[in-house]
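A.B. asks: From first to last, the protein sequence lines stand for chains A and B. FYI, my numbering numbers position 284 of the first sequence as 284, with every residue one higher than the one before it. Converting from the second sequence to my numbering requires adding 1000 to each position, the first position being numbered 1. Cβ coordinates follow ideal geometry from the N, Cα and C atoms, glycine included. Okay, handing you the structure first.
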Amino acid sequence: MYRYDQYDQAIVDARVAEFKDQVGRRLRNEITEDQFKPLRLMNGLYLQLHAYMLRVAIPYGTLSGTQMRMLAHIARTYDRDYGHFTTRQNIQYNWIKLEQFSDLLDDLSKVEMHAFQTSGNCIRNISSDQFAGAAADEIADPRPYAELLRQWSTLHPEFSFLPRKFKIAVIASDSDRAAIQLHDIGLQLYRNADGVTGFRVYVGGGMGRTPIIGKVVREFIPVGQFLSYSEAILRVYNRHGRRDNIYKARIKILVTELGIEEFTRQVEAEWATLEPLGLDAPQAEYDRIIAQFADPAYEIGAPDTIDLSDPDFKLWVDQNVHAHKQPGYAIATISLKPKSGIPGDASSAQMDVIADLAEKYAHDEIRVTHSQNLVLAHVRKVDLYAMWQALAAADLATPNLDLVTDIIACPGMDYCTLANARSIPIAQKIAAKFENSISEQRDIGELKIKVSGCINGCGHHHAGHIGILGVDKKGEEAYQLLLGGSGAEDASLAKILGPGFDENGIIDAVDKLIAFYRSARSAPTERFLDTYRRLGAAPFKEAVYA
Amino acid sequence: MPRILTGNRLETGDVLWWHGRCWSTQIKDAVEIGAEGEALLASLIAAERINDPTFIEVTGEPGAFVPTTTRERVRASGPSVRADLARGSLSVEAI
Ligand code: HEM
Ligand code: SF4
Chain A
1 MYRYDQYDQA IVDARVAEFK DQVGRRLRNE ITEDQFKPLR LMNGLYLQLH
51 AYMLRVAIPY GTLSGTQMRM LAHIARTYDR DYGHFTTRQN IQYNWIKLEQ
101 FSDLLDDLSK VEMHAFQTSG NCIRNISSDQ FAGAAADEIA DPRPYAELLR
151 QWSTLHPEFS FLPRKFKIAV IASDSDRAAI QLHDIGLQLY RNADGVTGFR
201 VYVGGGMGRT PIIGKVVREF IPVGQFLSYS EAILRVYNRH GRRDNIYKAR
251 IKILVTELGI EEFTRQVEAE WATLEPLGLD APQAEYDRII AQFADPAYEI
301 GAPDTIDLSD PDFKLWVDQN VHAHKQPGYA IATISLKPKS GIPGDASSAQ
351 MDVIADLAEK YAHDEIRVTH SQNLVLAHVR KVDLYAMWQA LAAADLATPN
401 LDLVTDIIAC PGMDYCTLAN ARSIPIAQKI AAKFENSISE QRDIGELKIK
451 VSGCINGCGH HHAGHIGILG VDKKGEEAYQ LLLGGSGAED ASLAKILGPG
501 FDENGIIDAV DKLIAFYRSA RSAPTERFLD TYRRLGAAPF KEAVYA
Chain B
1001 MPRILTGNRL ETGDVLWWHG RCWSTQIKDA VEIGAEGEAL LASLIAAERI
1051 NDPTFIEVTG EPGAFVPTTT RERVRASGPS VRADLARGSL SVEAI
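Below you can see the structure in the form of structure tokens.
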């Protein structure tokens, strides 16, 4: 894992000192709320329905046990004993007090963490593949490049006041576990026909009010030049992005309005002037960072079999454990979607358990996934059983990864000031119909249900096989139903199926969709999404509305 | 329709309702605000100690006011999905 050097720490310490001063001035009424609000937002502090909400950055979703334990400490000391892991691989706390905020920031900075650039019109936390460094299908660990982007974008003076927020994701395999085509910039590391590594660069993807799938702005940029190329993209956006209209301010609108050819031409022209300036990191810096992501000290010859005689354990292994590149090792996903749970929420006690298990069994690394689960990426197969028992004791071993009860939900109207409707109860009520039968869930197979409480789409409803969007219908909570989205390598945008529903109606509708799918699939292995793609919307519509 | 005054305490973010002389963290203490409200609101905004002070519409009687919007009912009760964190004076069922 990357460890801060003196510069990283100095930047965080300076920023913490600056913001503590700003908080102090606000508490003493030396500045007004109008003056303070943009400052607190730049430091990840929102005012939500019940209290202040803090979003802490987890760079590319990777954490150490020590960091996780600090997140638990923060939940316990400054919040109400829990946190919410988000689709951007961050964590949010819902009950923060401004008067305690300085102490909280000090605590975070002790473990190389902070909350800046988690809000505001800047480059946000860089996201990545939760299986990075462990996946058998990657060509290299993508996180050193995410880390370079993090350093480049941290307090980058030119990009601190962009037209709108800016989100970047980096992967290094053909399976897209980070939804790169739905980011402002998506980077896919690959090796070209000449054996050279570089990135395919997608630009202008996003969800929210105007969902768009990213377009390729450059098929191949050598790794050594991807920072200057990113800088060129940001420059074109910063110059021409629609500052006049908040709804048109994201880069996706600029790319759409200019057309990808013209946008590309402008980026290439900008890059032609930038590249010779030598902005890219020198090889030594690449080497320094890559070395910090070196493989952990695997045990050579670790047994490559798992004793699956316990049927409950076997179920969990079948569903939540993935192949690792190293023989004798496996990748384990911890579901944060337990029975009657709140998607993405974890208590401080659970965070402590996970921190302990990461240190004991997983080379001290934890990942947050964009579907609001956690991953222990490097576990010896022989340790899986003991680890699973410890997870189960903390209600962290639900074997439902990618199944119908593994639902993404944003905080919705239970917490969020922008919401039209609640999201979490919808997720819970859908899950309740299936959570008592894992075999039924497994029969339904991979099904990604994603719920957002408003058009901003924090719950990725546009990327849901089934997407649910909360809307306001004359003051009542109502829900639109969308079908056919995917945030994976086969990215597609979900489309509205028909008229919306009330709360009970949407639960029934999902039930009918699933029943229809089970009757219509060509084989048990055909996923819901594939059946939808094969048959089109009409029969699904008929099943729901007839 | 009666209106009451709500906001969030600067220091803590706590959700508050105006009870006539000061603020309460329980909506059951809220008082109906009449024509004097505009001057009160202006003074609160000027004092800069309460974030987002605003009037909301409610139904019912003093001591049992219920906001007309779901959003404000959630603010008054606490998250509907965490009954254990409820504020006490408006039940989660009332959302
Ligand atoms: C509760 C406080 C939150 C607020 C005020 C908030 C606000 C917003 C807004 C205004 C947008 C739309 C931006 C735009 O289209 O330009 C947005 C998008 C988004 N938010 Fe949130 N959000 C919140 C929580 C979350 C949470 C909890 C998650 C993760 C579960 C999240 C993840 C995202 C994602 C992935 C997008 C879509 C980005 C895109 O448009 O491509 N947000 N959020
Ligand atoms: S989608 Fe809307 S309701 Fe949900 S967290 Fe985002 S802004 Fe809030």
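Please check the pair Phe166/A and Asp184/A, which I expect to be a contact at CB under 8 Å, by giving their CB distance rounded to whole angstroms.
C.D. replies: The residue labelled residue 166/A in the question sits at position 166 within the first sequence. The residue labelled residue 184/A in the question sits at position 184 within the first sequence. So it is a contact: roughly 5 Å between Cβ atoms.
A.B. asks: Between which two residues does the beta strand (DSSP E) containing Ala377/A stretch?
C.D. replies: By one-based count along the first sequence, residue 377/A stands at place 377. Note, Ala377/A: beta strand (DSSP E), Leu374 to Arg380.
A.B. asks: Would you identify the three-state DSSP class for Leu149/A, choosing helix, strand or coil?
C.D. replies: Here the question's residue 149/A lines up with position 149 in the first sequence. Helix.
A.B. asks: On a Cα-Cα basis, can you pick out the residue from Ala1039/B, Thr1012/B and Leu1090/B that is closest to Phe1055/B?
C.D. replies: As a first step, residue 1055/B is located in the second sequence; it is residue number 55 there, counting from the start. Among Ala1039/B, Thr1012/B and Leu1090/B, the Cα nearest to that of Phe1055/B belongs to Ala1039/B.
A.B. asks: Between Leu418/A and ligand 2, is there a pair consisting of the residue's CB and a ligand heavy atom that are separated by less than 6 Å?
C.D. replies: As a first step, residue 418/A is located in the first sequence; it is residue number 418 there, counting from the start. Answer for Leu418/A: yes, Cβ within range of ligand 2.
A.B. asks: Quick one, which residues of the region 1061-1095 of chain B are near chain A if we go by CB-CB under 7 Å, in chain order?
C.D. replies: Residues Thr1069, Thr1070, Arg1071, Val1074, Arg1075, Gly1078, Pro1079, Ser1080, Val1081 and Leu1085.
A.B. asks: In chain B, what lies closer than 8 Å to Thr32/A by C-beta?
C.D. replies: If you number the first sequence from 1, residue 32/A lands on position 32. The contacting residues are Glu1048.
A.B. asks: Taking beta-carbon pairs under 7 Å, can you tell me which members of the region 40-70 of chain A lie near chain B?
C.D. replies: Those residues of the region 40-70 of chain A that come within reach of chain B (Cβ to Cβ, closer than 7 Å) are Leu47, Leu49, His50, Ala51 and Tyr52.
A.B. asks: Taking the beta strand (DSSP E) that Ala332/A falls in, what are its first and last residues?
C.D. replies: One-based indexing of the first sequence puts residue 332/A at position 332. Its beta strand (DSSP E) spans residues Tyr329 to Ile334.
A.B. asks: Mind listing, in chain order, the continuous beta strand (DSSP E) runs of no fewer than 3 residues lying wholly within the region 67-148 of chain A?
C.D. replies: Runs of the beta strand (DSSP E) inside the region 67-148 of chain A: 82-85 and 91-96.
A.B. asks: What residue does the alpha helix (DSSP H) around Arg235/A start on, and which one ends it?
C.D. replies: Start at 1 with the first residue of the first sequence, and residue 235/A comes out as number 235. Looking at the DSSP string, the run of the alpha helix (DSSP H) that includes Arg235/A is Phe226 to His240.
A.B. asks: Report yes or no: is there a C-beta of chain B within less than 7 Å of the C-beta of Leu336/A?
C.D. replies: By 1-based counting over the first sequence, the position of residue 336/A is 336. Judged by the 7 Å Cβ criterion, Leu336/A is not in contact with chain B.
A.B. asks: So, does the CB of Lys97/A fall closer than 7 Å to a CB anywhere in chain B?
C.D. replies: Residue numbering aside, residue 97/A sits at position 97 when the first sequence is read from its first letter. Closer than 7 Å to some Cβ of chain B, the Cβ of Lys97/A qualifies, so yes.
A.B. asks: Check this for me: beta carbons of Val510/A and Ile430/A, under 7 Å apart or not?
C.D. replies: Locating residue 510/A in the first sequence gives position 510, where the first residue counts as 1. Locating residue 430/A in the first sequence gives position 430, where the first residue counts as 1. Result yes, Cβ atoms of Val510/A and Ile430/A sit closer than 7 Å.
A.B. asks: Between which two residues does the alpha helix (DSSP H) containing Tyr547/A stretch?
C.D. replies: The structure shown has nothing for residue 547/A, since chain A only spans 1 to 546.
A.B. asks: Quick one: which residues of the region 465-479 of chain A get their C-beta closer than 8 Å to a C-beta of chain B? List them in chain order.
C.D. replies: Cβ contacts with chain B: Gly475, Glu476 and Glu477.
A.B. asks: Counting only Cβ-Cβ distances shorter than 7 Å, please list the residues of the region 392-419 of chain A near chain B, keeping chain order.
C.D. replies: Flagged, chain order: Met413, Asp414 and Tyr415.
A.B. asks: Using 8 Å as the cut-off, can you tell me whether the region 409-428 of chain A makes contact with the region 450-459 of chain A, which would need three or more C-beta pairs spanning the two stretches below that distance?
C.D. replies: Touching, yes, given that three or more Cβ pairs across the two stretches are closer than 8 Å.
A.B. asks: Do three or more CB pairs link the region 354-374 of chain A to the region 57-76 of chain A at distances below 8 Å?
C.D. replies: These segments touch.
A.B. asks: Helix, strand or coil: how does DSSP classify Ser175/A here?
C.D. replies: Taking the first residue of the first sequence as position 1, residue 175/A is located at position 175. Reduced to three states, the DSSP call for Ser175/A is coil.
A.B. asks: Within its chain, find whatever has a CB closer than 6 Å to the CB of Ile260/A; leave out the 5 residues flanking it on each side and keep chain order.
C.D. replies: Numbered from its first residue, the first sequence carries residue 260/A at position 260. Once the five neighbours on either side are set aside, the close Cβ partners of Ile260/A are Lys215.
A.B. asks: For Val1058/B and Met1001/B, I'd like the C-alpha separation in whole angstroms.
C.D. replies: In the second sequence, counting from the first residue as 1, residue 1058/B sits at position 58. In the second sequence, counting from the first residue as 1, residue 1001/B sits at position 1. Straight-line Cα distance between these residues: approximately 7 Å.
A.B. asks: Residues in the same chain with beta-carbon distance under 6 Å from Pro211/A, minus the five sequence neighbours each way, listed in chain order, please.
C.D. replies: As a first step, residue 211/A is located in the first sequence; it is residue number 211 there, counting from the start. Same-chain partners within the cutoff: His462 and Leu493.
A.B. asks: For Leu1010/B, go through chain A and note every residue whose CB falls closer than 8 Å to its CB, in chain order.
C.D. replies: Indexing the second sequence from 1 puts residue 1010/B at position 10. Arg26, Leu27, Glu33 and Leu98, listed in chain order.
A.B. asks: Could you name the residues of the same chain whose beta carbon sits closer than 6 Å to that of Gly457/A, not counting the 5 residues immediately before and after it, in chain order?
C.D. replies: The residue labelled residue 457/A in the question sits at position 457 within the first sequence. Only Met207 and Gly208 meet the Cβ criterion.
A.B. asks: Give the straight-line distance between the Cα atoms of Ile1050/B and Leu1041/B, rounded to the nearest whole angstrom.
C.D. replies: Sequence index remark: in the second sequence, residue 1050/B carries index 50 (1-based). Sequence index remark: in the second sequence, residue 1041/B carries index 41 (1-based). Approximately 10 Å, taken between the alpha carbons.
A.B. asks: How about the region 14-26 of chain A and the region 97-105 of chain A: do they share at least three Cβ pairs that are nearer than 8 Å?
C.D. replies: Touching, yes, given that three or more Cβ pairs across the two stretches are closer than 8 Å.
A.B. asks: Give me the chain B residues within the contact set of Ile424/A, using Cβ-Cβ distance strictly less than 7 Å, ordered along the chain.
C.D. replies: If you number the first sequence from 1, residue 424/A lands on position 424. Within 7 Å Cβ-Cβ: Val1081.
A.B. asks: Which class does Asp395/A belong to by DSSP, given the choice of helix, strand or coil?
C.D. replies: Numbered from its first residue, the first sequence carries residue 395/A at position 395. Looking at Asp395/A - three-state DSSP - the assignment turns out to be coil, as it is neither helix nor strand.
A.B. asks: Mark Pro343/A as exposed unless 16 or more other C-beta atoms lie within 10 angstroms of its C-beta, in which case mark it buried.
C.D. replies: Within the first sequence, numbered from 1, the residue matching residue 343/A stands at position 343. By the neighbour-count rule (16 or more Cβ atoms within 10 Å), Pro343/A is buried.
A.B. asks: Would you check if the distance between the CB atom of Ser348/A and the CB atom of Arg76/A is smaller than 7 Å?
C.D. replies: Here residue 348/A refers to the residue found at position 348 when the first sequence is read from its first residue. Here residue 76/A refers to the residue found at position 76 when the first sequence is read from its first residue. Going by C-beta atoms, Ser348/A is nearer than 7 Å to Arg76/A.
A.B. asks: Report the option in Gly195/A, Leu391/A, Thr369/A and Ala515/A whose CA atom is closest to the CA atom of Ile91/A.
C.D. replies: The count along the first sequence starts at 1 and reaches residue 91/A at position 91. Looking at the Cα atoms, Thr369/A is the closest of the given residues.
A.B. asks: Using a Cβ-Cβ distance cut-off of 7 Å, determine whether Gly1013/B contacts chain A.
C.D. replies: The residue you call residue 1013/B lines up with position 13 of the second sequence. Yes, contact with chain A.
A.B. asks: Have a look at Asp402/A and Leu384/A and give me their C-alpha separation to the nearest angstrom.
C.D. replies: The residue you call residue 402/A lines up with position 402 of the first sequence. The residue you call residue 384/A lines up with position 384 of the first sequence. Rounded to the nearest angstrom, the two C-alpha atoms are 20 Å apart.
A.B. asks: Using a 10 Å radius around the Cβ and a threshold of 16 neighbouring Cβ atoms, would you call Ile514/A buried or exposed?
C.D. replies: What you label residue 514/A is simply residue 514 of the first sequence in a count that begins at 1. Buried, since its Cβ has 16 or more Cβ neighbours within 10 Å.
A.B. asks: By the criterion of Cβ-Cβ separation under 8 Å, what are the contact partners of Asp1052/B in chain A?
C.D. replies: As a working mapping, residue 1052/B is identified with position 52 in the second sequence. Within 8 Å Cβ-Cβ: Leu47.
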